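Below: the structure, in structure tokens.
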Amino acid sequence: MGRKEIAAKNNLHNETYPKRKADEAKRNKAVYLVTRAIKAGRLVRGPCAVCGVAERTEGHHPDYDKPLEVVWLCNKHHAMEHKRIRAQRKYNLTTL
Ligand SMILES: [Zn+2]
Ligand SMILES: [Zn+2]
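Everything in the sequence shown is counted per my numbering, starting at 877 for the first residue and increasing by one.
Below you can see the structure in the form of structure tokens.
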């Protein structure tokens, strides 16, 4: 095993917890920015991208680094999307 691989392995091990914390902070900030943009009229809540339901949709962030780029999803499809992402993340981790 080369030095690079060892470094990558250590990195993976050490960064898991702080990274999760950072993701959480990013998500909170993104949700806050969306709420503020809606109130200011800069962002308009849309219908669910999956089923088209127009009521009580939630902004989903494919990328928390782009807080104002959201996909509108109803409660059900939002939960489904997160389930899918979690499953995918788990898969990626076990195949690293
Ligand atoms: Zn839906
Ligand atoms: Zn989401």
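Where is the CB? At the ideal position from N, CA and C, for every residue including glycine.
Note that the coordinates shown come from a computational prediction; the quantities given were computed from them, not determined experimentally.
In this structure, how does DSSP classify residue i when only helix, strand and coil are distinguished?
| i | result |
| --- | --- |
| L909 | helix |
| L969 | helix |
| H954 | helix |
| E934 | strand |
Measuring from the CB of residue i, is there a heavy atom of ligand 1 at a distance below 7 Å?
| i | result |
| --- | --- |
| H958 | no |
| L949 | yes |
| V946 | no |
| V926 | yes |
| V907 | no |
| H910 | The residue asked about is misnamed: residue 910 is Val in this sequence, not His. No - ligand 1 has no heavy atom lying nearer than 7 Å to the Cβ of V910. |
Report all residues from its chain with a CB closer than 6 Å to the CB of residue i; omit the five preceding and five following residues, and keep chain order.
| i | result |
| --- | --- |
| D941 | none |
| A906 | H937, Y940 and P943 |
Can you list, in chain order, the residues of its chain with a C-beta nearer than 7 Å to that of residue i? Leave out the 5 residues immediately preceding and following it.
| i | result |
| --- | --- |
| C924 | T933, W948, L949, C950 and H953 |
| A927 | It should be pointed out that residue 927 corresponds to Cys in this sequence rather than to Ala. Counting only Cβ-Cβ distances below 7 Å, and skipping sequence neighbours, we find C950 and H953. |
| E957 | H936 and L949 |
Keeping to the same chain, check which residues put their C-beta closer than 8 Å to that of residue i; ignore five residues upstream and five downstream.
| i | result |
| --- | --- |
| A913 | L919 and L944 |
| V929 | P923 and C950 |
Ligand 2 and residue i: does the residue's C-beta get closer than 7 Å to at least one heavy atom of that ligand?
| i | result |
| --- | --- |
| H953 | no |
Q) Does the segment 890-903 touch the segment 911-922, meaning 3 or more C-beta pairs lie closer than 8 Å? A) no
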